[in-house]
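For reference, the structure is listed below as structure tokens.
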Amino acid sequence: MEGFLRSFTMGYIVQAAVGCFTALPKLTKQPSSLLQALKHRNNFSLGAFLGLFTAVFRMVNCVLRWLRDTDHAIHGAVAGFLASWSMLFYKSTSVALYLATKITEILYFKGIKKGWVPHIKCGDILLYSISTSILFHATVFEAHSIRPAYWRWLLKITGGKFAMINRKLLDIYGTQASKLYPDFAPKLDPRFSEMARKALLEGKS
């Protein structure tokens with residue numbers, strides 16, 4: 016019970032802190048936004064997820080240890096599987112992806128220690144490079160498929176540069192590249208762009 020309460024409180028505080036920070040700009044116009052952030056459903060959802068995960072994991076481990084009168088790694092696997100169902104209280108794609116990749120990483124390194132899988136030198140750097148290239152490719156060719164929150168973050172850290180790509184030229188590849196910004200047209204210098212020169216001549220005629 017103590018583990019559940021501690022994890023629930025931690026989850027609630029973290030989610031509430033994020034909500035309060037987001038609500039700060041609205042305080043002048045909507046003073047009640049801070050109170051709404053404190054009692055938002057997501058605060059209790061994250062708390063329930065973390066609290067139940069901790070409680071179920073520990074309880075199943077203890078029960079299996081008591082029934083079998085021994086401690087074994089399989090107990091953790093069973094407990095983790097059952098505890099993972101607590102994610103139904105907090106259905107977050109980001110959390111699910113993070114946990115999935117973290118579990119894959121742990122299993123991979125355990126496999127290396129056991130000699131079951133090969134150790135790839137600079138594998139983490141290679142994986143990061145491939146992941147980044149896939150993400151940037153999607154950002155250029157399929158910006159509409161990027162999660163809105165992540166897209167806004169990319170625009171923020173690049174000063175809006177990702178939105179200034181002439182994606183109409185990329186529509187021929189069939190990815191609907193210009194779907195997010197169908198009316199965007201960059202201001203090109205006629206001295207260096209044939210497209211701009213043609214547009215200039217058409218405007219004069």
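For the sequence shown, our numbering gives the first residue as 16, with consecutive numbering after it.
Even glycine gets a Cβ: it sits at the ideal position worked out from N, Cα and C.
Remember, it's a predicted structure, so these values are computed and weren't measured experimentally.
_Cβ-based burial, Tyr-188 [other Cβ within 10 Å; buried from 16]_ = Exposed is the call here.
*asked:* Mapping the DSSP letters down to three states, classify Ser-268 as helix, strand or coil.
replied: Outside the displayed range of the chain (16 to 220) lies residue 268, so it cannot be described from this structure.
*asked:* Please tell me whether Ser-229 and Lys-41 are closer than 8 Å, where the distance is taken between their beta carbons.
replied: A question about residue 229 goes unanswered here, because the residues of the chain that appear run from 16 up to 220.
*Taking only runs that begin and end inside the segment 122 to 205, name each unbroken alpha helix (DSSP H) of 4 or more residues, in chain order.*
138 to 156 and 163 to 172
*asked:* Below 8 Å on the Cβ atoms is my contact criterion, and I expect Phe-104 with Leu-50 to pass it. Report the Cβ-Cβ distance as a whole number of Å.
replied: Going by Cβ atoms, the distance from Phe-104 to Leu-50 rounds to 23 Å, so no, they are not a contact pair.
*Do Ala-158 and Trp-168 have their C-beta atoms closer together than 8 Å?*
no
*Pick out whichever of Tyr-143, Leu-142, Ile-140 and Phe-124 has its Cα sitting closest to the Cα of His-134.*
Phe-124
*So, helix, strand or coil for Thr-119, using DSSP?*
helix
*What distance in whole Å lies between the Cβ atoms of Leu-65 and Gly-26, which are believed to be in contact at a cut-off of 8 Å?*
4 Å
*Report buried or exposed for Ala-164, applying the criterion of at least 16 other Cβ atoms within 10 angstroms of its Cβ.*
exposed
*Nearest CA to the CA of Gly-95: which residue from Val-110, Phe-72 and Trp-81?*
Phe-72
*Does the segment 21 to 38 touch the segment 74 to 86, meaning 3 or more C-beta pairs lie closer than 8 Å?*
no
_Leu-82: first and last residue of the uninterrupted alpha helix (DSSP H) it sits in_ = 56 to 83
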